[in-house]
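*Asks:*
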Amino acid sequence: MGVPGSLREFVGVCGSAWEFEQVCGSAWQFELVCGRSSLTCPHCLKQSNTFDPFLCISLPIPLRQTRALNVTLVFSNKSQRFVRVGLAVPLLGSVQTLRGLLAQEGNINTEQVILVELYSDGFQRSFSDDDDMTSISESDVIFAFQAPAPIPKSSSSRYSGNSSSVITVMHRD
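Here the working numbering runs 1023 ahead of the position in the sequence shown, where the first position is 1.
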């Protein structure tokens, strides 16, 4: 006996394994369109094995976890001025993660990374570690400036605040 002509006929055959073996004689067609389910009665412990046809299987599609973001990293030393960095940043998360990725890419300290959005008409906004990554779109022009390393407080310092830093300001006509 040969395999039935249409898929619908073939699926109808999947009612029992014995019928399948009689019609097809091989397992790959069976595994293609029929699934095996097994139920056990909790009272009598009788087990029922059936072969159920399926024409549609729902499979989870993994969601994208990252997105591309281009950032211009501007260094404070004169040997290397700036570099354009393409990063795969998490969709969800904080700007702190982005600062960490940029620090790693530029081989600088995380505390030295200052993230801002700049356009041709000037400064737009700065980002803090608590800001969500969703606040930065792919079309935003993001710059990461390397601030000089913080000046450590000495015990003999007459200032009683946090350590001081120098911030580089750029002006373009």
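Glycine included, each C-beta is placed from N, C-alpha and C at the ideal position.
This one's a predicted model, so the numbers in the text were calculated from it and none came from an experiment.
Please state the DSSP three-state secondary structure of L1096.
*Replies:* For the purposes of this step, residue 1096 is taken as the residue at position 73 of the sequence shown. Strand, per DSSP.
*Asks:* Around the C-beta of V1106, are 16 or more other C-beta atoms found within 10 angstroms, so that it is buried, or is it exposed?
*Replies:* If you number the sequence shown from 1, residue 1106 lands on position 83. When all chains shown are included, V1106 counts as exposed.
*Asks:* Are the Cβ atoms of Q1169 and G1129 separated by less than 8 Å?
*Replies:* Against the sequence shown, residue 1169 aligns to sequence position 146. Against the sequence shown, residue 1129 aligns to sequence position 106. Going by C-beta atoms, Q1169 is nearer than 8 Å to G1129.
*Asks:* Just the Cα atoms here: how many angstroms apart are A1172 and P1113?
*Replies:* To locate residue 1172, count along the sequence shown from 1; it is residue 149. To locate residue 1113, count along the sequence shown from 1; it is residue 90. A1172 and P1113: Cα-Cα distance of roughly 27 Å.
*Asks:* Return the chain-ordered ranges of every beta strand (DSSP E) run that is complete within the region 1083 to 1157 and spans a minimum of 3 residues.
*Replies:* Entirely contained in the region 1083 to 1157, the beta strand (DSSP E) runs reaching 3 residues are, in chain order, 1089 to 1097, 1105 to 1113, 1136 to 1142 and 1145 to 1149.
*Asks:* Please report the distance separating the alpha-carbon of S1149 from that of S1060.
*Replies:* Translated into positions along the sequence shown, residue 1149 becomes position 126. Translated into positions along the sequence shown, residue 1060 becomes position 37. When rounded, the distance between both Cα atoms is 58 Å.
*Asks:* Identify whether A1167 lies in helix, strand or coil by the three-state DSSP scheme.
*Replies:* For the purposes of this step, residue 1167 is taken as the residue at position 144 of the sequence shown. In the structure shown, A1167 sits in a strand (DSSP, three-state: E or B).
*Asks:* In chain order, what residues of the same chain have a beta carbon less than 8 Å from the beta carbon of T1120, not counting five sequence neighbours either side?
*Replies:* Along the sequence shown, read from residue 1 onward, the residue named residue 1120 stands at position 97. Taken in chain order, the residues that qualify are V1112, P1113 and M1156.
*Asks:* When the Cα atoms are used, what is the spatial distance from Y1142 to V1164?
*Replies:* Residue numbering aside, residue 1142 sits at position 119 when the sequence shown is read from its first letter. Residue numbering aside, residue 1164 sits at position 141 when the sequence shown is read from its first letter. For Y1142 and V1164, the distance between alpha carbons rounds to 7 Å.
*Asks:* Anyone know if the C-beta pair for F1206 and V1097 falls short of 8 Å?
*Replies:* Coverage of the chain is limited to positions 1024 through 1196, which leaves residue 1206 absent and any answer about it impossible.
*Asks:* For L1124, collect the residues of the same chain with a Cβ closer than 7 Å to its Cβ; drop the 5 residues on either side in sequence, then sort them by chain order.
*Replies:* By one-based count along the sequence shown, residue 1124 stands at place 101. Once the five neighbours on either side are set aside, the close Cβ partners of L1124 are L1110 and V1112.
*Asks:* May I have the straight-line CA-CA distance separating V1094 from R1104, to the nearest angstrom?
*Replies:* Residue mapping note: residue 1094 aligns to position 71 of the sequence shown, counting from 1. Residue mapping note: residue 1104 aligns to position 81 of the sequence shown, counting from 1. Taking the straight line joining both Cα atoms gives about 14 Å.
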